[in-house]
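For reference, the structure discussed in these notes is given below.
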Amino acid sequence: MLIFYFSCMNDNNDVYSIPGRFRRIENLHILLWLLKDICWALDFHVTGMIMIVPTLTVAITITWQTRKLIAELLHNLAVVLWITANCLWMTGEFYGWDEGTWGARHLALIPFSTGLCVLAYYYLFLGHKKNVRKQMILKAEELVREEQV
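Quick note, the sequence shown lines up with residues 59 to 207 if you use this note's numbering.
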């Protein structure tokens, strides 16, 4: 069923690109996220907690930059929620707040689930519509033209 759904979404060869400045900050975001998670894995409490700020800041910036492209906006919003959940879980592990019914690990399910709902909304109600995809392509082309000016 899912294979059929996704094959319907890709029934054409339309391609859109996003401005280079968006891509550069996305690459920076990957670096920051990896550094934060390495601090988590190595139990570097202070550095891990400090890394939350730039990692979330860049994720929110990316989401704001892509607000005119609905697919990018919703996927980046889901990433912000994922990182928020990830940071909550990490904090809980660092400070012993992750156990029990109301521990940070379980509370992290709130932003994880919200991000999943955001993506479900996109894939169930928007992603399969040709007019939504066509509007995204046009808006992306407009953003690329704006960057070239």
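Note that CB positions come from ideal geometry on N, CA and C, so glycine has one too.
Since the structure is predicted, the reported quantities are computational estimates derived from the model, not experimental observations.
Are residue i and residue j close, meaning C-beta to C-beta below 7 Å?
i	j	result
Trp188	Lys126	Before going further, note that residue 188 is Lys rather than Trp in the sequence given. No, the pair does not count as a contact, with Cβ atoms beyond the cut-off.
Met109	Leu93	yes
Tyr180	Leu139	no
Ala143	Phe170	yes
Rounding to the nearest angstrom, what Cα-Cα distance links residue i and residue j in this structure?
i	j	result
Arg81	Ile88	11 Å
Thr172	Leu135	10 Å
Leu86	Asp95	14 Å
Phe152	Leu165	15 Å
Gly161	Gly150	7 Å
Arg78	Glu204	It is worth fixing the name first, because residue 78 is Gly in this sequence and not Arg. If you take the alpha carbons of Gly78 and Glu204, they lie about 11 Å apart.
Write down the C-beta distance between residue i and residue j rounded to the nearest angstrom, noting that I regard them as a contact closer than 8 Å.
i	j	result
Glu157	Ile76	In fact, because the Cβ distance is near 41 Å, the residues do not count as touching under 8 Å.
Met194	Ile120	About 16 Å; that fails the 8 Å criterion.
Can you give me the Cβ contacts of residue i inside the same chain, cut-off strictly under 8 Å, excluding the 5 residues immediately before and after it?
i	result
Ile141	Trp91, Thr113, Leu114 and Ala117
Ser155	The residue asked about is misnamed: residue 155 is Trp in this sequence, not Ser. Taken in chain order, the residues that qualify are Thr149, Gly161 and Ala162.
Leu167	Ala143
At a cut-off of 6 Å, would you count residue i as near the ligand ADP, judging by its Cβ distance to the nearest heavy atom?
i	result
Gln193	Inclusion of the ligand ADP in the displayed structure is not the case, the ligand content being empty and no account of it being possible.
Can you give me the Cβ contacts of residue i inside the same chain, cut-off strictly under 7 Å, excluding the 5 residues immediately before and after it?
i	result
Leu184	Ile128 and Val190
Mind checking residue i: buried by the 16 CB within 10 Å criterion, or exposed?
i	result
Val104	exposed
For residue i, I'd like the list of residues in its chain whose CB is within less than 6 Å of its CB, leaving aside the five on either flank, ordered along the chain.
i	result
Val176	Leu132, Leu135 and Ala136
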